[in-house]
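>
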């Protein structure tokens, strides 16, 4: 069974249908970049996968958990599927260490010492060991986003979802976040990323999905899709973002 | 008989000020508890509960506190419920305070971005954990200043209970002023006592805010 299985999912906001029957399978260890114009439904797709949005139709299975079931255990699902957001969303009243340890203590039930050790490990992995006791507002956007990645990594999820995580950053801060992502990718994490970084998609992702008007328009190996788009829509999208 | 305004009168005023403080504390506790209920009714995703809370808030905020005091003090005996001035004052001030606390706290809760709820959810925290560990600590920081600001108003508003004969600081001032015929000096002392109470409260709030800010 695939790690993620979407079957004909549909999602509307009021009268606007954002996802018009999307089916998709993602295998363990795959790195999938999702690209497309704004409004094409790519962020909504990610948000449906960890249950932040409810779909109107279709079925979503993640690590064997049926997200779309009426009595779905969303907290158990989210423990397995981490998510990093465009706006970082660190907890501003907690320092870096406690941002990471909060869920470890409450959800994973680790004691203070064990949680602290995990926090030091993951924060070191994203290169911010010296910021362990800094508060979010003392960090740059890039550093905050690296902490957000560390916070999600600490939960040892089976799948990580990244929703345009470099879009809010100043250009000179994008590189440090992408390098952290590459590191996570190399460790074999299953990742789905909504991104506008085409070079990153080409070099790091195994597979690229192009969303267009609420549907998957193209889906295939990253280099192939990005170098030789089969449809006019992808072609014009790529020439728009690359120039 | 007219006598001098003397040291003993100041002591009398200070003793009466205890009732001002006691009444404010009662209203703070009663109004605080009821205010929590109002804030909760205001934000739960159940329309009739929202409407009930909004009706309550508008009714209480839109009518004078003095009128509410009179209704409880003079109105309840008409339907056969005997109340003393203290009870009527404590009940009406609590009801009054709850309408304001409810709105202040609802605003503070809603000032925390929906993204903070989502961030908590995406880490697998339950609804209660998100509320207590993520949202409330942030809402608390926002709520301190307006809550204390309203408490200061509440302390000054306890003076209205003088009109139903409850002997607190203002009523005591009226009594002494009547006996000594020195209204200026008496009410000056009364004003100073109110000021000391309210000023210390806002200083405490400032310190609390600073502490919450340092601890984020």
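Residue numbers (the working numbering), protein chains in the order written: chain C, 27 to 269; chain D, 1017 to 1232. From the three backbone atoms N, C-alpha and C, an ideal C-beta is built for every residue, glycine too.
Can you name the residues of chain C whose CB is closer than 9 angstroms to the CB of residue 1132 (chain D)?
By Cβ distance, chain C contributes 115, 117, 118.
> Is any beta-carbon of chain D found at less than 7 angstroms from that of residue 218 (chain C)?
False, the Cβ-Cβ gap to chain D never drops below 7 angstroms.
> Please name the residue in C:52, C:247, C:45 whose C-alpha comes closest to that of residue 65 (chain C).
With distances taken between Cα atoms, residue 65 (chain C) lies closest to C:45.
> Are residue 115 (chain C) and residue 1135 (chain D) closer than 7 angstroms when you measure CB to CB?
Their beta carbons are under 7 angstroms apart, which means residue 115 (chain C) touches residue 1135 (chain D) by this criterion.
> Report yes or no: is there a C-beta of chain B within less than 7 angstroms of the C-beta of residue 190 (chain C)?
The question asks about chain B, but that chain is absent: this structure's protein chains are C and D.
> For residue 249 (chain C), decide whether its Cβ has a neighbour in chain D, counting only Cβ atoms nearer than 7 angstroms.
For residue 249 (chain C), the answer is no, since every Cβ of chain D falls outside 7 angstroms of its Cβ.
> Whole alpha helix (DSSP H) runs in the stretch 1198-1230 of chain D with 4 or more residues, listed along the chain?
Correct list: 1199-1230.
> I need the straight-line Cα distance from residue 98 (chain C) to residue 1151 (chain D), nearest angstrom please.
In a straight line, the C-alpha of residue 98 (chain C) is about 24 angstroms away from that of residue 1151 (chain D).
> Would you mind giving the Cβ-Cβ distance between residue 136 (chain C) and residue 149 (chain C), rounded to the nearest angstrom? I have them listed as a contact below 8 angstroms.
Contact doesn't hold; Cβ gap of about 15 angstroms is too wide.
> Taking C-beta to C-beta, are residue 162 (chain C) and residue 118 (chain C) nearer than 7 angstroms?
Result yes, Cβ atoms of residue 162 (chain C) and residue 118 (chain C) sit closer than 7 angstroms.
> Hey, how far is the Cα of residue 105 (chain C) from the Cα of residue 72 (chain C)?
The alpha-carbon atoms of residue 105 (chain C) and residue 72 (chain C) are separated by roughly 15 angstroms.
> Name the residues in the stretch 93-115 of chain C whose C-beta lies less than 9 angstroms from a C-beta of chain D; which are they?
Listed by position, the residues of the stretch 93-115 of chain C near chain D (Cβ gap below 9 angstroms) are 100, 101, 102, 103, 104, 105, 106, 107, 108, 109, 110, 111, 113, 114, 115.
> Under 7 angstroms between beta-carbons, which chain D residues line up against residue 128 (chain C)? List them in chain order, please.
Here the neighbours are 1149.
> Within the stretch 1139-1210 of chain D, note down every full alpha helix (DSSP H) run reaching 4 residues or more, in order along the chain.
Whole alpha helix (DSSP H) segments, 4+ residues: 1152-1173, 1185-1196.
> Give the DSSP bridge partners of residue 27 (chain C), in chain order.
Its beta-bridge partners do not exist; DSSP assigns none.
> Taking all protein chains shown into account, do 16 or more other C-beta atoms lie within 10 angstroms of the C-beta of residue 170 (chain C), making it buried, or fewer, making it exposed?
Classification of residue 170 (chain C): buried, given that the 10 Å Cβ count is 16 or more.
> Can you tell which of C:259, C:254, C:236 has the C-alpha that lies nearest to the C-alpha of residue 61 (chain C)?
When each option's Cα is compared against that of residue 61 (chain C), the closest is C:236.
> What number of angstroms, rounded off, separates the C-alpha of residue 80 (chain C) from the C-alpha of residue 68 (chain C)?
Computed Cα separation, rounded: 15 angstroms.
> Would you mind stating whether residue 1110 (chain D) and residue 1085 (chain D) have Cβ atoms separated by less than 7 angstroms?
Against a cut-off of 7 angstroms, the Cβ pair of residue 1085 (chain D) and residue 1110 (chain D) comes out as no contact.
> So with CB distances below 9 angstroms, who are the chain D contacts of residue 78 (chain C)?
Those within 9 angstroms of residue 78 (chain C) in chain D are 1134, 1137, 1138.
> Spatial neighbours of residue 92 (chain C) within its chain, please: CB distance less than 8 angstroms, with the 5 preceding and 5 following residues excluded, ordered by chain position.
The answer, listed in chain order, is 85, 86, 98.
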